[in-house]
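The opening position of the sequence shown corresponds to residue 232 in the numbering used here, with each subsequent residue numbered one higher. Idealized CB from N, CA, C, for every residue including glycine.
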Amino acid sequence: YSGGMGTYCAKHKPFAIYCPKVHKTFFCYGGAPSDNSQKLLHMVSYFDHSTGTCPRPTLLLDKKTDDAHDNPVISVDTDGYIWIFSTSHGRSRPSYIHRSAQPYDISHFQLVNATRRDQGSSVPIDNFSYLQVWHSPNAGFHVFFTRYNYPAARTICFMNSPDGVEWSEWQRIAAIGEGHYQVTGISGTKLGSMFNYHPQGKGLNWRTNLYYVETSNHGKSWQTANGTVLSLPLTSAVNDALVRDYEAEGLNVYLKDLRYDAEKNPILLYITSKGYESGPDNDPRTWTLARWTGMDWKFSTITTSDNNYDMGELWIQADDDWRVIAPTSVGAQPYNPGGEIAMWQSRDQGVTWVKQRQLTSGSSMNHTYVRRALNAHPDFIGIWADGHGRKPSDSHLYFCNAAGDVFQLPREMTSDTATPKLVK
């Protein structure tokens, strides 16, 4: 991994949420002090759509690491309170949950002493990895996460909470081989997880196969896209949740996004490649879409790029307007993560794709980890960072609107608010 890590990684979601009641997009990111780029700070801010400005970010905590796998994610509850979940890479560092002291206000946060049920008792929640949090008005929080050595090296799990304080027992979704990465999503009462797996004995750089599971009753039961009921955790590589056997095709799978169409059918976005090493030998890195039609899975190719960790997501603007915004064009540091950002569009629900607009070009550093704002307002639909792929560098935050205009957030602020700069 290299380059701008402020919105890293693909298995953390979400980083930004639009709140129409106050006409603001709240976001979090991993920052650093000006004199020490190796210190990870959890930062929170927002874009005020009424004024076109951002306030000085709130420094929530020093995570006591330089590992961007500890980056935060954000949620907003029904009452407007901002929640920040501070993740940990593995089990050696603590994780934290904070809630804003007031609704829609980032000036002060309070530590949440969360607990979970475990064999009839309440135990503290003080460690979680690769957390993805979804909030629904009637049911509260739904969280997908990874627990190390539980029993697989990376076991993917799920839990619920009506209030963010008292959580359900942890459910293991899958523990196949050496474990998994997962990317998750929500549509109404439907929650889903797409995941790959690490074959036993090959190490965690090997990741292959594509699986999908879903629940429509907050985790009481789980099923495949065609309704086949599953018994969790899944422990065999060949099971009913297998969408495509990429292991048999000799391809690795790198997960990017999970969305749902108007009929609540899942749409999976990911990259395939021939191996984990960077460089041209493992080309092509193929951006692929798998869509459940209600009857079967259909696969289509969007484009190719030059690194497995090129990261973008899928926007569904309308039934006939699907977009992928990602660093699919070669950047200043070829074959390192990221590149130049492009917007791809499909008018036929993902069957064919054309490049609608090149968002960045001529950059001195790679742009990467483009993240979709939830409930996005057209003025702020995605956020990402840039950074040099091969040496320490400055890093800037950017966001784009639905038209593809790009704005840079200030690295330094001399007043309480600032206006993002249009990148021409």
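Rounded to whole angstroms, M236 and A299 show a C-alpha spacing of 6 Å. By the Cβ test, the stretch 237–249 is in contact with the stretch 594–604, since at least three Cβ pairs between them sit closer than 8 Å. Distance check between N539 and each of S531, F530 and N513 places N513 closest, using alpha-carbon atoms only.
Here the C-alpha atom of S467 lies approximately 11 Å from the C-alpha atom of Q431. For N513, the secondary structure class from DSSP, reduced to helix, strand or coil, is helix. Here the alpha carbon of M596 sits roughly 23 Å from the alpha carbon of H243.
In the same chain as D610, and ignoring 5 residues on each side of it, the C-beta atoms closer than 6 Å to its own belong to H280 and N632, in chain order.
With fewer than 16 other Cβ atoms inside 10 Å of its own Cβ, D476 counts as exposed.
Close CB contacts of G450 within its chain, under the 7 Å cut and outside five residues either way in sequence, are with F389, N391 and Q402 (chain order).
Comparing C-alpha distances from T318 to each of D336, D297 and P334 shows the shortest one belongs to D297. No Cβ-Cβ contact shorter than 7 Å links Y260 with H608. Distance from the Cα of A573 is smallest, within the candidate group S646, V396 and P558, for P558.
Here DSSP, grouped into helix, strand and coil, assigns Y566 to coil.
When secondary structure is reduced to three states using DSSP, Y477 falls in the helix class. With contact defined as three or more Cβ pairs closer than 8 Å, the stretch 344–353 and the stretch 306–314 are not in contact.
One thing to note: L489 has its Cβ within 7 Å of the Cβ of G423. Annotation for L489: the continuous beta strand (DSSP E) segment containing it runs N483 to Y491. Each of T284, P325, G371 and E494 was checked against the Cα of N448, and the nearest Cα belongs to G371. N440 is the residue among D492, D579, N440 and V364 whose C-alpha sits nearest the C-alpha of E480.
Secondary structure note for W401: it is in no beta strand (DSSP E), with a DSSP letter that is neither H nor E.
Of the other Cβ atoms in all chains shown, 16 or more fall within 10 Å of the Cβ of Q413; this residue is therefore buried.
In this model, E445 and A456 are separated by some 7 Å (Cα to Cα). The alpha-carbon separation between N369 and D310 amounts to approximately 12 Å. Q431: not part of any beta strand (DSSP E); DSSP gives it neither H nor E.
Rounded to whole angstroms, the separation of the alpha carbons of G416 and K495 is 11 Å. Annotated as distal: A604 and T284, with beta-carbon spacing of 7 Å or more. Around the beta-carbon of N427, 16 or more other beta-carbon atoms lie within 10 Å, marking it buried. In the DSSP assignment, V469 falls outside any beta strand (DSSP E), carrying neither H nor E.
Per DSSP, reduced to three states, the secondary structure at A332 is coil, with no helix or strand assignment. For W575, the enclosing beta strand (DSSP E) begins and ends at E571 to S577. In the three-state DSSP reduction, H300 falls in the helix class (H, G or I). Burial of E544 is indicated by the presence of at least 16 other C-beta atoms within 10 angstroms of its C-beta. In the three-state reduction of the DSSP assignment, D537 falls in the coil class. Where R602 is concerned, the enclosing beta strand (DSSP E) starts and stops at N597 to H608. DSSP, read as helix, strand or coil, puts I498 in strand. In the displayed model, P623 falls within coil according to three-state DSSP, outside both helix and strand.
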